[in-house]
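**Q** Protein chains in written order, with the numbering used here: chain C, 578 to 919; chain S, 578 to 919.
We put the CB at the ideal spot given by N, CA and C, even for glycine.
The structure displayed is predicted, hence computed values, not measured ones.
As structure tokens, then:
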């Protein structure tokens, strides 16, 4: 039974024989086999071609021996059919960012089966492929992170546009966030229906806010999203990068698992979060640049910080970096398994 | 007497009649009067021309009514005479980054009077200009932040080069850090000798590390630097951006004041840091994009979080953003003064 996967047990906070591990962005540019596929297609084409998206999802499972696979896609794919033209140059760019009431009114809620069929098809291929081997994680962006891209039109250093909207036109911001949250709910539930066994919500930009502003302007939407998911048998992982100073607030979103970045001591973070929420993390991704002996020491340190508590999924504290030696990533997985008793 | 300045009293943790305030990067691109000077000279020329550097240092004092001035310069100016060719394009770039033992061996310790006379001359001009009006803050980069630029050769997202050195060649890293720390000590003491009444140490990149790695690889050098400063009458402000999850560790560096970014609740941060260290901060710089009513609310919130404790200098939690309306910055200063009883 798929619910016996070690990774799923850990997500539910149950005791496991060893600590399961995967790496955020484990399907990606650091892997030569990924680059071999990627050199023939654009990033968006790769996301939209189920056979290829499935292929690169499988690669790190074969290579790394990770305990979970994560769908290869991009958090912005379901935003495009809301009416925004998406391109990667190589960072994501929307030609027509959302700034006005008319822009928000014009956003449509996609029909997932019609508008992002490739995502759902990729999930179905992968479930068949992985049956009995590893569980499959689906994912989406948190409403705030999606809204950041939609309003800024691209990545940003200062997030001037969305902050202007949030502080200066809070009702417009609320309307936008409601629409994005509803899209997200339908999108992630479609992934669950297609077979995703876990959902991870990435809030890449939630940590740019002060703790109070996070609670006022972001938390209500993430909580509404999580509450609206068909999660009876599907654990929800919630990762807010840069949230180490507001873990107690982020915990209120109600996920089963909280992702931790490397800015916190994992043991101290668990003390703050409490025993009812599992955690995922939290090796500094740059430690994979270190010699193997240092990687092993750091893996051990994090396992020691967890001190055997159930509900720990080992991961990096952010996505694996493109310039990391893949062998070091593989060694990290091996260390986690060996040092945690597999 | 200059030691009666409200700002200096707050740095020393003494009670003040009102809360002093200044803004990091208050001399900068958001001010039209700065841009008017800047359009005729390069950034480096501006740093190296005492009359002009003094002029842009004075501008925000006239315009904002801030309680302290900060020398206009760049943290990398004293690094150039160590033997690295510096350019701004517009971000800082070193043509010949430090990677090998030979590179570290080749670094020379500058003679400050010979190599950065313009910095010391600017300080002397400003002291004459400001006498009886506002105190002058000198500044430098923390050794780690300087080393990041020296090793990476430019800004970085992943800091792969310095992390590889730190983890893979720790003795080389230590030699580099010792040299940078010694340069920094001489540089900041030269600023003090020239008349700087406070020194702020900026550790822009210290927060990229895990708390344990901060303690192992950064703290010893910053502490050594601070211990080596001629600080009898000169308070030291230490600002590590992104250090909200390791304030107790950063406090061990031994500064008089700790800068706080906006990711922490100022009151909770003071509880962690303890009563013997003053704090500076911590308004989210993007709040200056908000309507004035919202800015006032947020200023009041931070003053309330401090709850009247002595030793609070109001500031942003990071540098003012170039696209902020200067009038909003001025309004913020006015709010701090009015709401704190000036």
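#1: Pair every Cβ in the region 686 to 698 of chain C with every Cβ in the region 632 to 645 of chain C, then say whether three or more of these pairs are closer than 8 Å.
#2: Is there at least one Cβ from chain C nearer than 8 Å to residue 889/S's Cβ?
#3: Please report the distance separating the alpha-carbon of residue 851/C from that of residue 631/S.
#4: With a cut-off of 8 Å, does the C-beta of residue 863/C fall near any C-beta of chain S?
#5: Since I believe residue 824/C is in contact with residue 813/C (beta carbons under 8 Å), could you give me their beta-carbon distance rounded to a whole number of angstroms?
#6: Evaluate residue 594/C with the Cβ neighbour count: other Cβ atoms within 10 Å of its Cβ, from every protein chain shown; 16 or more gives buried, anything less gives exposed.
#7: Tell me the DSSP secondary structure of residue 601/S in three-state form.
#8: Please list the residues of the region 817 to 850 of chain C that have a C-beta atom closer than 8 Å to any C-beta atom in chain S, keeping them in chain order.
#9: Looking at the structure shown, is residue 711/S part of a helix, part of a strand, or coil, going by DSSP?
#10: Compute the distance between the beta-carbons of residue 623/C and residue 633/C, then report whether it is under 8 Å.
#11: Anyone know if the C-beta pair for residue 863/S and residue 740/C falls short of 8 Å?
#12: Listed in chain order, which residues of the region 717 to 745 of chain C have Cβ atoms closer than 7 Å to some Cβ of chain S?
#13: Can the beta-carbon of residue 843/S be found closer than 8 Å to that of residue 879/S?
#14: If you count every other CB in all the chains shown that lies within 10 Å of the CB of residue 849/C, and 16 or more means buried, which is it?
#15: At 4 residues or longer, what runs of the alpha helix (DSSP H) sit wholly inside the region 738 to 787 of chain S?
#16: Report back the beta-carbon spacing between residue 837/C and residue 876/C to the nearest angstrom; my notes put them in contact at under 8 Å.
#17: Pairs of beta-carbons, one from the region 586 to 600 of chain C and one from the region 898 to 914 of chain C, closer than 8 Å: are there three or more?
#18: Output the distance between the C-alpha atoms of residue 636/S and residue 789/S, rounded to the nearest integer angstrom.
#19: Does DSSP put residue 612/S in a helix, a strand or coil?
#20: Any idea if residue 604/C is buried or exposed, counting beta-carbon neighbours within 10 angstroms, 16 or more meaning buried?
#21: Using only alpha-carbon positions, find the residue among 668/S, 752/S, 712/S, 730/S that is nearest to residue 586/S.
#22: With a Cβ-Cβ cutoff of 8 Å, do residue 654/C and residue 693/C count as a contact?
#23: Counting only the same chain and skipping the five closest in sequence on each side, list residues whose C-beta sits under 8 Å from that of residue 584/S.
#24: In angstroms with no decimal places, state the Cα-to-Cα distance between residue 609/C and residue 809/S.
#25: Does the beta-carbon of residue 822/S have 16 or more other beta-carbons within 10 angstroms, so that it is buried, or is it exposed?
#26: Pop quiz: residue 767/S and residue 697/S are said to be a contact at Cβ under 8 Å. What is the actual Cβ separation, rounded to whole angstroms?
#27: Determine which residues of the region 884 to 910 of chain C have a Cβ less than 7 Å from any Cβ of chain S, and write them out in chain order.
#28: What span of residues does the beta strand (DSSP E) with residue 724/C cover, start to end?
#29: Could you tell me the distance, in whole angstroms, from the CA atom of residue 742/C to the CA atom of residue 665/C?
#30: Which residue wins for smallest C-alpha separation from residue 582/S, given the options 709/S, 754/S, 861/S?
#31: Output the boundary residues of the alpha helix (DSSP H) element that contains residue 909/C.
#32: Going along the chain, which residues of its own chain have a beta-carbon closer than 7 Å to the beta-carbon of residue 831/C, five neighbours each way excluded?
#33: Just to confirm, is the Cβ distance from residue 750/S to residue 868/C under 8 Å?
**A** In terms of the structure at hand:
#1: no
#2: Residue 889/S does not count as touching chain C.
#3: Spanning the two alpha carbons is a distance of roughly 53 Å.
#4: yes
#5: Going by Cβ atoms, the distance from residue 813/C to residue 824/C rounds to 16 Å, so no, they are not a contact pair.
#6: Exposed, because fewer than 16 other Cβ atoms sit within 10 Å of the Cβ of residue 594/C.
#7: It is coil, neither helix nor strand.
#8: 819, 821, 822, 823, 839, 840, 841, 842
#9: coil
#10: Between residue 623/C and residue 633/C, the gap from beta carbon to beta carbon is short of 8 Å.
#11: yes
#12: 735, 736, 737, 740, 741, 744, 745
#13: In this structure, residue 843/S places its C-beta atom within 8 Å of the C-beta atom of residue 879/S.
#14: exposed
#15: 747 to 771
#16: About 15 Å separates the two Cβ atoms, so there is no contact after all.
#17: yes
#18: 41 Å
#19: helix
#20: With 16 or more other Cβ atoms within 10 Å, it is buried.
#21: 712/S
#22: Yes; because the gap between Cβ atoms is below 8 Å, this pair is in contact.
#23: 597, 599, 644, 645, 711, 712, 775, 890, listed in sequence order.
#24: 58 Å
#25: buried
#26: 6 Å
#27: 898, 900
#28: Counting along the chain, residue 724/C sits inside no beta strand (DSSP E); it lies in the alpha helix (DSSP H) bounded by residues 720 to 729.
#29: 25 Å
#30: 709/S
#31: Taken as a continuous stretch (DSSP letters only), the alpha helix (DSSP H) holding residue 909/C covers 903 to 916.
#32: 800, 803, 804
#33: no
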